[in-house]
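Numbering (the working numbering), first residue to last: 31 to 377. Idealized CB from N, CA, C, for every residue including glycine.
If you want it as structure tokens, here you go:
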């Protein structure tokens, strides 16, 4: 049995019979919660709330803020919709600033620290010569720009923010699969692989330096691509640079996309990895977007996912996985959701 609730820390609570949740990389979580009395929730804009969908042993919990309240009927019908944005929506403002010779991890920490958010991020130790936050850009937009500069994506898990590369995340998940769906087991409504391929991973990389004889070398990989990624390597010869270029070129892959419509899966969210089992074939996918909808009247709970993976590697080679343990809980501090403890993990 599935149930859904909207709760304020002050005690105001409503059980909802219709909830939709939209999640996606680079986006704030958004929940639309139908409540029996919309008037009760008026005047609480930007106040902290928790949206919960409980489906058996699985629970989806969004710690966020009320954005707007809208009645959907008139007369004696008091029903209405409460629109809730996830905790990361606190990052919708920003201050112009710049970083010089800084690692991506340190830049991300600087952006998240004022909000008390936790961070999980790829352990890239190369330094960006210069990175700036534009005058009109929010901290969230700047974080996404940083991720694009490094060939990664951003997604938030309440007050924990993750910056990862989908292909690397899939390799980490080989040994520790998160979710599994079997096509012929009745848990899937539809699974559609999209035929068109979109370029992914063709980052612009530059390898340059001076060898021991004082001769300079400068080699580019994919120079026409808009996304550039630091090499992260110290090179002392042209031969070493050429080998690095070959390795970078082999990283090229085409992203295969698919959609999955399944019986409700409250615990699956954007940024997770899941396995699709089709007969004897198993393929691992990264969740780019997740959309959940619970309707009590129809007694239905459905989830739709937009998926991607390396088209050439449905069963990727395992990568070392550093266990991150339990993510810190989201707690209220002066009316704002924050991570329970200062927390930063490199993967």
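Length of the line joining the Cα atoms of residue i and residue j
| i | j | result |
| --- | --- | --- |
| residue 352 | residue 199 | Since pLDDT at residue 352 reaches only 46, below the 50 mark, its modelled position is unreliable, and the value read off the structure follows with that caveat. So the two alpha carbons sit approximately 11 angstroms from each other. |
| residue 67 | residue 180 | 46 angstroms |
| residue 65 | residue 177 | 37 angstroms |
| residue 126 | residue 321 | 34 angstroms |
| residue 194 | residue 106 | 49 angstroms |
| residue 154 | residue 69 | 49 angstroms |
| residue 379 | residue 209 | Only positions 31 to 377 of the chain appear in this structure, which leaves residue 379 out of reach. |
| residue 91 | residue 164 | 33 angstroms |
| residue 89 | residue 121 | 25 angstroms |
| residue 324 | residue 219 | 15 angstroms |
| residue 330 | residue 85 | 11 angstroms |
| residue 97 | residue 114 | 5 angstroms |
| residue 34 | residue 296 | 11 angstroms |
| residue 140 | residue 361 | 21 angstroms |
Best match in the options for proximity to residue i [C-alpha to C-alpha]
| i | options | result |
| --- | --- | --- |
| residue 290 | 329, 68, 222 and 87 | 222 |
| residue 204 | 123, 110, 339 and 133 | 339 |
| residue 123 | 212, 190, 304 and 172 | 172 |
| residue 202 | 187, 35, 152 and 45 | 152 |
| residue 6 | 146, 332, 325 and 150 | What is shown of the chain runs 31 to 377, which leaves residue 6 out entirely. |
| residue 81 | 99, 196 and 112 | 112 |
| residue 95 | 71, 109 and 86 | 71 |
| residue 196 | 365, 318 and 369 | 318 |
| residue 327 | 118, 119, 47 and 33 | 47 |
| residue 211 | 117, 292, 99 and 93 | 292 |
Residue i classed as buried or exposed, judged by whether at least 16 other C-beta atoms fall within 10 angstroms
| i | result |
| --- | --- |
| residue 162 | exposed |
| residue 131 | exposed |
| residue 191 | buried |
| residue 45 | exposed |
| residue 31 | exposed |
| residue 183 | buried |
Which of helix, strand or coil DSSP assigns to residue i
| i | result |
| --- | --- |
| residue 66 | coil |
| residue 75 | coil |
| residue 163 | strand |
| residue 60 | strand |
| residue 219 | strand |
| residue 45 | strand |
| residue 154 | coil |
| residue 139 | helix |
| residue 40 | coil |
| residue 189 | coil |
| residue 126 | coil |
beta-carbon residue i near the ligand FAD non-hydrogen atom, thresh 7 angstroms
| i | result |
| --- | --- |
| residue 81 | As far as ligands go, the structure on display features none, and thus does not contain the ligand FAD. |
Cβ of residue i within 8 angstroms of any chain C Cβ
| i | result |
| --- | --- |
| residue 192 | No chain C appears in this structure, which consists of one protein chain only. |
**Prompt:** Touching or not, the stretch 155-169 and the stretch 307-324, by the rule of three or more beta carbon pairs under 8 angstroms?
**Reply:** Counting Cβ pairs under 8 angstroms, fewer than three are found: no touch.
**Request:** Examine the Cβ distances between the stretch 73-81 and the stretch 33-41 and report whether three or more of them are shorter than 8 angstroms.
**Result:** The stretch 73-81 is in contact with the stretch 33-41.
**Message:** Quick test of the definition: if touching needs 3 or more C-beta pairs under 8 angstroms, does the stretch 295-303 touch the stretch 49-64?
**Reply:** Three or more Cβ pairs drawn from the stretch 295-303 and the stretch 49-64 lie within less than 8 angstroms of each other, which places the two stretches in contact.
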